[in-house]
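Going by the UniProt record's numbering, the letters in the sequence shown line up with residues 1 to 261, in that order.
In this text, a Cβ means the ideal position worked out from N, Cα and C, and glycines have one as well.
Because the structure is a prediction, the values reported are computed rather than measured.
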Amino acid sequence: MRVVLFTIGNYEVHSYGVVVALAVLLALGMARYLAEGTPYREHILNMMPYVIVSAILSARIWHVFFFQWEHYSKHLMEIFYIWQGGLAIQGALIGGFIAALFYTRKHRLSFWKLADILAPAILLGQSIGRIACFLNGDAYGSPTGSGFGIVYPEGSMAYDVYGSQTLWPAEVWEGQWDLVVFVILILLKNMKWPTGVLFLTYNIMYSFGRFNLEWLRGDSPRYTFDWTAGQWTSFSVIAVSLFMIVFLVQRDRKKMQFSAR
C-alpha cells in the first residue's frame with residue numbers, strides 16, 4: 001500500500017492516478033479487442049475523450065455530494081483536488097453511459113449493441129481501478145473487531161479515520177467480484193441474447209455485489225434503512241435494469257413475430 005509512488009523534484013506521483021490510467025488503457029484495449037470485426041471498433045477511440053471527461057466529472061460529483069459532503073461542505077476548495085482521490089465508480093459509470101448514449105445518437109449507432117460489446121471491458125477496468133483505491137487507502141471497510149483485516153498505514157484516509165484498527169478489505173473483495181463478473185460476461189457473450197441484455201446483466205451482477213459489500217464499508221454516510229449512497233444507487237440500477245430486460249425481451253419477441261408473418 002503506497003499513496004505516493006515516487007517524487008520528481010517537488011512533484012508527487014500518486015499511485016491512484018497511475019493505476020486508474022492503467023485501468024483505462026487496459027479497458028480500452030479489451031474494448032477494441034471485443035469489437036473486432038464490428039463497425040463499432042472504429043468509434044471506440046473517437047468516443048473515449050467524451051466518455052472519460054463525462055465519467056470523471058460525474059464520478060467527482062457523485063463522491064462529493066453523496067459520499068463525503070459533510071467533509072467537502074467545510075473544505076470547498078478540496079472539491080477540485082481530484083488528484084487526491086475521491087472518484088465514485090458508480091458516478092463514473094453513469095457519466096460514461098450518458099456520454100456514450102449521446103455519441104451513439106449523434107452517429108446513428110445502436111447504444112445497446114455498443115454497450116453489450118463494452119460491458120466486459122468496463123468490468124476489467126473497474127477491477128483494476130479498485131487496486132488504485134486500495135493503494136490510496138480509500139473505499140475502505142469498517143473495523144472487523146478482530147485480528148483479521150487490513151491495517152492501513154499513516155497518511156492514508158483510512159488511518160486518519162480508524163487509526164491502526166483492522167478493517168474489512170471491502171475494496172479488495174469488490175475488485176475480485178468484478179473479475180468474477182468479467183469472466184461470466186465473457187462466457188455469456190458467445191450465447192445469443194436480445195440486444196442490450198448482456199449489458200444489463202453486467203449492471204445487475206455488479207450492483208448486486210456492490211450492494212452487499214457496502215455493508216462492510218466504513219467510509220460512507222448511511223441514509224434510510226441504514227443504506228449507503230452506494231446501496232441506494234445499486235438498488236436503483238438493479239430495478240431499472242430488470243425493467244429494461246423485460247422491455248427488450250418483449251420487443252425482441254414482437255419483432256420475431258412480425259417478421260414471421
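Pull up the DSSP beta-bridge partners for residue i, would you.
i	result
residue 270	Only positions 1 to 261 of the chain appear in the structure, and residue 270 is not among them; the question remains open.
Tyr11	Ile8
Ile150	Leu167
Arg217	Gly141
Arg222	Thr228
Measuring CA to CA, which of the options is closest to residue i?
i	options	result
Ile117	His75, Ser58 and Tyr202	Tyr202
Ile205	Val180, Phe225 and Thr224	First, the residue type needs correcting, since residue 205 is Met and not Ile in the sequence shown. Looking at the Cα atoms, Val180 is the closest of the given residues.
Arg253	Thr195, Glu214 and Asp219	Thr195
Lys113	Leu93, Asn136 and Leu34	Leu34
Asn147	Asp138, Pro169, Met157 and Phe80	Before going on, a small fix: residue 147 reads as Gly here, not Asn. The residue with the shortest Cα to Cα distance from Gly147 is Pro169.
Phe243	Thr233, Val197 and Thr224	Val197
Ile238	Arg251, Phe208 and Trp69	Phe208
Gln250	Trp193, Tyr223 and Pro221	Trp193
Val51	Val24, His75 and Gln68	Val24
Gly129	Trp177, Gly9 and Leu185	Trp177
Thr104	Pro39, Lys189, Gln68 and Gly149	Pro39
Thr233	Arg210, Val53 and Gly175	Arg210
Ala132	Leu57, Leu187, Lys255 and His14	His14
Arg41	Lys74, Leu109 and Val18	Leu109
Val240	Leu200, Ser220, Met47 and Glu70	Leu200
Phe67	Ile245, Val246, Phe247 and Ser220	Ser220
Lys106	Ala55, Gly149, His43 and Val151	His43
Gln90	Gln231, Asn190 and Pro49	Gln231
Arg2	Tyr152, Ser127 and Trp69	Tyr152
Val19	Lys255, Leu188, Ser127 and Lys189	Ser127
Val53	Ile98, Leu187 and His71	Ile98
Indicate, with yes or no, if the ligand GTP has a heavy atom lying under 7 Å from the CB of residue i.
i	result
Leu118	Although the ligand GTP was asked about, the structure shown includes no ligands whatsoever.
What do you get for residue i, buried or exposed, if any count of 16 or more other CB atoms within 10 angstroms of its CB means buried?
i	result
Asp160	exposed
Thr7	exposed
Ser236	exposed
Gly37	exposed
Ala100	buried
Asp226	exposed
Glu154	exposed
Met157	buried
Leu135	buried
Ala21	exposed
Val183	exposed
Gly86	buried
Thr228	buried
Ser73	exposed
Met48	buried
Gly137	buried
Gly9	exposed
Leu187	exposed
Leu185	buried
Taking 8 Å as the CB-CB cut-off, is residue i touching chain B?
i	result
Ala139	The structure shown has no chain B; it contains just one protein chain.
- Segment contact flag, the region 160–175 with the region 50–61, C-beta cutoff 8 Å, min 3 pairs: no
- Message: Report the start-end ranges of each alpha helix (DSSP H) in the region 224–260 that is 4 residues or longer and not cut off at the edges.
- Response: 229–260
- Task: Could you tell me whether the region 119–138 touches the region 26–41, where touching means 3 or more Cβ pairs closer than 8 Å?
- Result: yes
- For the region 214–233 and the region 142–151, state whether three or more C-beta atom pairs, one from each stretch, are separated by less than 8 Å. yes
- Item | the region 74–81 in contact with the region 90–100 per 3-pair CB rule at 8 Å | no
- Within the region 7–94, note down every full beta strand (DSSP E) run reaching 3 residues or more, in order along the chain. 11–14
- Message: I'd like to know if the region 170–179 and the region 127–141 are in contact, where contact means that at least 3 CB-CB pairs between them fall below 8 Å.
- Response: yes
- Item | Continuous beta strand (DSSP E) assignments of at least 3 residues falling wholly in the region 168–212 | none
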